[in-house]
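This report concerns only the one structure given below.
In this note's numbering, the protein residues as written are 1461 to 1721.
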């Protein structure tokens, strides 16, 4: 949304200075510039997601960088139009536009994607707060994207969070839930297993993850036997717990069902 005021201001500046060489009054061209630049900024923002998805299909994990490059280029075009109408020579205008475009994107990413708040936490509370704050902001951003239907973008953020902090369980669980919503149950189960393998989990969290694996295998995948190793793992990890007792019952049901077949 911050791109809209930026586009409006740039459009007004362009219209005011361009009106001297165009037919029509200053106010008319300022209004035309504001409308056109805002429309341009809106279109380029809407194209970031599709461009990222296309590039991800061709070059996995490069979609986010492609989206940033596209936005920097689009914003650079706006700066170029403004600096050129102000009378800047071509080469300096292009160089300035590209530099300002990259700077704008870096600033917007810093402010909007949560790292600004996390850096403040780091200054006040130290590096541990920085890491935790950044993860919370990433998860909140991913949730907001998913609610708007931007599932691929949300998934990319969660994957980035997993890559940055593989020991944190929440990104695995959020991404698994997202895959279940998309009915990609096999991927959801693999993500839950990755959480068991890599994340720092307490006893309750371990049991919760194994239950989710079992429920997914027994429900949408219609094959509870696929959860056998996960249930056996839980029994081995928590031999005398209520969770292990539950897992043993599920294993008996699976083996009974196999004999009946």
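We put the beta carbon where it would ideally sit given N, CA and C, even for glycine.
Every value quoted in this text rests on a predicted model; they were computed, and no experiment measured them.
Fill in: Secondary structure of residue 1531, DSSP reduced to three states
helix
Worksheet entry | Identity of the residue in 1691, 1488, 1510 and 1662 nearest residue 1705 by Cα | 1691
Discussion item. Which runs of the alpha helix (DSSP H) at least 4 residues long sit entirely within the stretch 1588 to 1652? Give them in chain order.
Written reply: Taken in chain order, the unbroken stretches of alpha helix (DSSP H) that lie wholly in the stretch 1588 to 1652 and span 4 residues or more are 1611 to 1624 and 1630 to 1641.
Worksheet item: With 16 as the cutoff for other CB atoms within 10 Å, does residue 1698 come out buried or exposed?
Response: buried
Discussion item. Counting beta carbon pairs with one atom in the stretch 1651 to 1661 and one in the stretch 1625 to 1634, are three or more of them shorter than 8 Å?
Written reply: yes
Worksheet item: Who are the near neighbours of residue 1539 in its chain, counting only those whose CB is closer than 7 Å to its CB and skipping five residues on each side?
Response: The answer, listed in chain order, is 1556, 1557, 1560 and 1561.
Worksheet item: Candidates 1494, 1709 and 1613: which alpha carbon is nearest residue 1688's?
Response: 1709
Fill in: Nearest candidate by alpha-carbon position, reference residue 1622, set 1604, 1598 and 1643
Residue 1622 has its Cα closest to that of 1598, out of 1604, 1598 and 1643.
Worksheet item: Quick one, are the C-beta atoms of residue 1428 and residue 1527 less than 8 Å apart?
Response: No answer is possible for residue 1428: the residues shown for the chain start at 1461 and end at 1721.
Worksheet item: Going by Cα to Cα distance, which pick from 1677, 1489, 1651 and 1529 is closest to residue 1565?
Response: 1529
Discussion item. Taking a contact to mean a Cβ-Cβ separation below 8 Å, would you say residue 1490 touches residue 1476 in this structure?
Written reply: yes
Discussion item. Quick check on residue 1670: does DSSP put it in helix, strand or coil?
Written reply: helix
Worksheet item: Within the present structure, is the beta-carbon of residue 1632 separated from the nearest heavy atom of the ligand MN by less than 7 Å?
Response: Of the ligands one can find in the structure shown there are none, so the ligand MN has no counterpart to examine.
Practice prompt. Alpha carbon to alpha carbon, how far is residue 1605 from residue 1682? Give it in angstroms, no decimals.
Written response: The alpha-carbon atoms of residue 1682 and residue 1605 are separated by roughly 31 Å.
Worksheet item: Once you ignore the five residues that flank residue 1479 on each side, which residues in its own chain have a CB closer than 6 Å to its CB?
Response: 1486 and 1489
Item to complete: Can you grab the Cα-Cα spacing for the pair residue 1646 / residue 1504, in whole Å?
Response: Roughly 35 Å separates the two Cα atoms.
Item to complete: Just the C-alpha distance for residue 1640 and residue 1497, rounded to the nearest angstrom, thanks.
Response: Between residue 1640 and residue 1497, the C-alpha separation is close to 40 Å.
Worksheet item: Taking just the CA atoms, how far does residue 1534 sit from residue 1550?
Response: 17 Å
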